[in-house]
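Trainee: Would you mind keeping the following structure in view while I ask a few things?
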Amino acid sequence: MNHRIKYSLLLSAVALLAFLPFSLQSQSELTLESLAKQLTALTGRVDAIEQRITSLVDNPSPPTQNPLGQPAQVSHIVDGDTIEVAINGIPYRIRYLLIDTPERGDNYFEEANEANRQLVGGKTVYLQKDVSETDRYGRLLRYIYLEDGTFVNAELVRRGLARLSTYPPDVSKEAEIRAAQQQAVAAQAGIWSRPAGPVASQNANLRSGPGTNYAIVDRLQRSQALRVVARNAVGDWYQLENGAWIAAFLVDNAPDSLPIREPTKPQPTPTEPTKPQPTPTELRGNCHPSYPTVCIPPPPPDLDCSEIPYRRFQVSGSDPHRFDGNKDGIGCER
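According to mature numbering (1 follows the signal peptide of the UniProt record, and there is no 0), the sequence shown holds residues -26 to -1, 1 to 308 in order.
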């Protein structure tokens, strides 16, 4: 309310109060003394009205707020700890404070998503801020409540579908969520459940022997069940039922007692006996032996140096083509 409205109300009140006493004395004559008394009373009432109007203008009553938090309409479930909402028609992405649910590819990823969907999907939720407004991705950081008072962040942890994840300074509800996690651990719920047997702790390679120098024969997915039947002498590799080997640090819940088994050393591949190599003479075919470094057929016909592509080659024996005219052992010197 601005000052113009304030004083308009004040003048209206004064005019009303001024009219009333005169109208009440319409049948009697006003004296100066009675008029003075009425004006004094009127002035006091005007002052009281002005003070009340000033109080209303300067100190308006605060709007009534929902104790659960700011209302928002859920429009989409991103994953177990992230949702999209509309606040006064404006879309926002919300990241749940103080919890972390399994990522895609991890155990209970789908279960966490479905639980979040059942809890808040399509509903009006109530958002409470801690200290930080957003994370580095621009998502609002909030605690989530339902109309019935359910604290969604803690409920997901209590079901074993999320774990406590602290990022100061947003830790005002850490104690409540930690208590929910203790309940989940005690009940072995969700991610706190213990598998019945050995499983791969992460994606892993299987090898033909106990060492990275052996060939990869297969690959496993994280959390895949294993049948461990033996270990090597050192204990840093396990052998599976199918004969393949996996590094021990990649196995959760391995048996405490296993027989020791070492792989059979691979036998060398047998090779065929080396065949005797033919002599150069045997390889020469129709080449005359008098010319061992080149291939010149015997006569007929009789050849001259101008008829062959070779120069200065070795000549021995009978030299039927007479390439070595001076008998120095070198044919076709020119």
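Where a beta carbon is used, it is the ideal one built from N, C-alpha and C, also for glycine.
(1) Please state the DSSP three-state secondary structure of Asn179.
(2) Using DSSP with H/G/I as helix, E/B as strand and the rest coil, what is Asp21?
(3) Just list the residues that DSSP pairs Arg69 with in beta bridges.
(4) DSSP puts Ile51 in a beta bridge; with which residues?
(5) Considering Leu130, what are the terminal residues of the beta strand (DSSP E) in which it resides?
(6) Which stretch, first to last residue, makes up the alpha helix (DSSP H) that contains Leu93?
(7) Is DSSP giving Ile270 helix, strand or coil here?
(8) Would you give the residue range spanned by the alpha helix (DSSP H) that Arg205 belongs to?
(9) Using C-beta distances below 7 Å, list every residue in its chain close to Leu224, excluding the 5 sequence neighbours before and after it, in chain order.
(10) I'd like the list of long-range same chain contacts for Ala86, defined as Cβ closer than 6 Å, with 5 residues on each side in sequence excluded.
(11) What are the start and end residues of the alpha helix (DSSP H) that includes Arg78?
(12) How about Pro143 and Asp226: are their beta carbons less than 9 Å apart?
(13) Which value, in whole angstroms, describes the spacing of the CA atoms of Ser182 and Ser231?
(14) Buried or exposed: which applies to Ser35, given that a residue is buried once 16 or more other Cβ atoms fall within 10 Å of its Cβ?
(15) Nearest CA to the CA of Lys97: which residue from Asp122, Thr108 and Cys279?
(16) Below 8 Å CB to CB, which residues in the same chain sit around Asn40 once its five sequence neighbours on both sides are set aside?
(17) Taking buried to mean at least 16 other C-beta atoms within 10 Å of its own C-beta, is Gln92 buried or exposed?
(18) Distance cutoff 9 Å, beta carbons only. Does Ile61 sit that close to anything in chain B?
(19) So is residue 325 buried or exposed if we call it buried at 16+ other beta carbons inside 10 Å?
(20) Answer yes if the segment 258 to 276 comes into contact with the segment 211 to 218, meaning at least three C-beta pairs across the two stretches below 8 Å, and no otherwise.
(21) Check whether the Cβ atoms of Tyr66 and Ala46 lie closer than 9 Å to each other.
(22) Taking the alpha-carbon positions, what's the Ala158 to Phe125 distance?
(23) Would you call Glu129 buried or exposed, if buried means 16 or more other Cβ atoms sit within 10 Å of its Cβ?
(24) What does the alpha-carbon distance come out to for the pair Phe297 and Cys306?
(25) Check whether the Cβ atoms of Ile118 and Ile165 sit closer than 9 Å, and answer yes or no.
(26) Sort Leu200, Leu194 and Trp219 by Cα distance to Asn206 and report the nearest one.
(27) Output needed for Leu277: all residues of its chain with C-beta closer than 6 Å, excluding positions within five of it in sequence on either side, in chain order.
(28) In terms of residue numbering, what span does the alpha helix (DSSP H) encompassing Gln39 cover?
(29) Reducing DSSP to helix, strand and coil, say where Ile304 ends up.
(30) Which two residues bound the contiguous alpha helix (DSSP H) that contains Gln156?
Mentor: Straight from the coordinates:
(1) strand
(2) helix
(3) Thr56 and Leu115
(4) Ile57
(5) It is not in any beta strand (DSSP E) - Leu130 instead sits in the alpha helix (DSSP H) that spans Val126 to Arg132.
(6) Phe83 to Val94 is the extent of the alpha helix (DSSP H) around Leu93.
(7) coil
(8) Premise fails: Arg205 lies in the beta strand (DSSP E), Val202 to Arg205, not in any alpha helix (DSSP H).
(9) Ala174, Ser175, Gln176 and Ala178
(10) Gly54, Thr75, Pro76 and Leu135
(11) Segment: none, Arg78 is in no alpha helix (DSSP H) and carries neither H nor E.
(12) no
(13) 22 Å
(14) Unreliable positioning characterises Ser35 in this predicted model, as indicated by a pLDDT of 48, which lies under 50. A coordinate reading is not provided.
(15) Asp122
(16) Closer than 8 Å at Cβ, skipping near neighbours: Tyr100.
(17) exposed
(18) Protein chains in the displayed structure number just one, and chain B is not present.
(19) No answer is possible for residue 325: the residues shown for the chain start at -26 and end at 308.
(20) With the cut-off at 8 Å, the segment 211 to 218 and the segment 258 to 276 do not touch.
(21) yes
(22) 15 Å
(23) buried
(24) 6 Å
(25) no
(26) Trp219
(27) His295
(28) Careful: Gln39 lies outside any alpha helix (DSSP H) and carries neither H nor E.
(29) It is a strand residue.
(30) Counting along the chain, the unbroken alpha helix (DSSP H) around Gln156 starts and ends at Glu148 to Ala161.
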